[in-house]
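Participant:
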Amino acid sequence: MNKIIAPSILSANFAKLGDEVRSVLDAGADWIHFDVMDNHYVPNLTIGPMVCKSLREFGIKDFIDVHLMVEPVDGLVKMFANAGADLISFHPNATANVSETINKIKDLGCQAGIAINPGEEVTVAEQYLEDIDLVLLMSVNPGFGGQKFIDAVLAKISYMRNLIDKIPNEVRLEVDGGINPENISVVSEAGADTFVLGSAIFNTDDYSNTISALRSNIS
Ligand code: DX5
Ligand code: ZN
């Protein structure tokens, strides 16, 4: 499977978000990772469907990968599908019925992902593996950008890679949190194919150089 680099706009300059998104895509990013936090499921508060819709209206046509760190989930699924999301991931313990949420995402024409926190077992992702498009393994505790990668997640990445390789349907394995040009190769070798990076891209001056360096470290 091709390797996807998905900058998290959590670390972008929100005062000029449209330009930031365009720059990072022009610099070679594949997807835009859109972190939604509700000050309930996680202590931070970020952006909602209106911002996603604004990016579409601004002319962004690339893949938008929405990561919902919210509770409850279902109401926002519909709003994000209408706002132009391509994929919607959610944390299974934030919804009453996991399979209903997956079906809702798919019925609205989006791809579905299940997110697993560093301290959680992958059991739920395993259980629904044939129904989803992506497993999102968090390598920091969700809520804030710029945290340190939790090395214990590497074993979980390898474990999940093995499971995914055994099933007939295509499922992406995305890793989110604390990735940088130094550790991305280890994350890739463990089995990830989709890489979320916030601070390691947006805190640099030249997105193009940074993304080239990241890509050469995973090729
Ligand atoms: C954390 C978010 C991540 C995070 C990634 O809750 O889901 O997407 O912002 O940022 P960095 O790469 O700075 O860890
Ligand atoms: Zn995220």
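Oh and the sequence shown: position 29 is 625 in the numbering used here, straight run, nothing missing.
By construction, the Cβ of each residue, glycine as well, lies at the ideal position given by its N, Cα and C atoms.
1. Flag this pair as touching only if the stretch 742-753 and the stretch 689-709 have three or more C-beta atom pairs under 8 Å; answer yes or no.
2. With 16 other CB atoms within 10 Å as the buried threshold, where does N713 fall?
3. Which residue from V666, I656, A625 puts its Cα closest to that of M633?
4. In whole angstroms, what is the alpha-carbon distance linking T642 and D772?
5. As an exercise, report each continuous beta strand (DSSP E) stretch of at least 3 residues that is fully enclosed by the stretch 618-688, in chain order.
6. What's the gap between the Cα of T691 and the Cα of P764?
7. Consult DSSP for F798 and reduce its assignment to one of helix, strand or coil.
8. Starting from T790 and walking both ways along the beta strand (DSSP E), at which residues does that stretch end?
9. Given the structure, does D729 come close to the ligand ZN, in the sense that its CB is under 8 Å from one of the ligand's heavy atoms?
10. Tell me whether the stretch 647-666 and the stretch 618-627 touch, counting them as touching only if at least three CB pairs, one residue from each stretch, are closer than 8 Å.
11. When a residue counts only if its C-beta is closer than 5 Å to some heavy atom of the ligand ZN, which residues count, in chain order?
12. Are the stretch 799-812 and the stretch 598-613 touching, with three or more C-beta to C-beta distances below 8 Å?
Facilitator: If we stick to the structure as given:
1. no
2. As a working note, residue 713 is residue 117 in the sequence shown. Answer is buried; the Cβ neighbour count reaches 16.
3. Within the sequence shown, numbered from 1, the residue matching residue 633 stands at position 37. Checking every option, the nearest Cα to that of M633 belongs to V666.
4. Indexing the sequence shown from 1 puts residue 642 at position 46. Indexing the sequence shown from 1 puts residue 772 at position 176. So the two alpha carbons sit approximately 17 Å from each other.
5. 627-633, 659-665, 683-686
6. By 1-based counting over the sequence shown, the position of residue 691 is 95. By 1-based counting over the sequence shown, the position of residue 764 is 168. C-alpha separation (whole angstroms): 27 Å.
7. What you label residue 798 is simply residue 202 of the sequence shown in a count that begins at 1. Three-state result, F798: helix.
8. The residue given as residue 790 occupies position 194 in the sequence shown. Its beta strand (DSSP E) spans residues 790-793.
9. Against the sequence shown, residue 729 aligns to sequence position 133. Checking every heavy atom of the ligand ZN against the Cβ of D729, none is found closer than 8 Å.
10. yes
11. D631, H663, D772
12. yes
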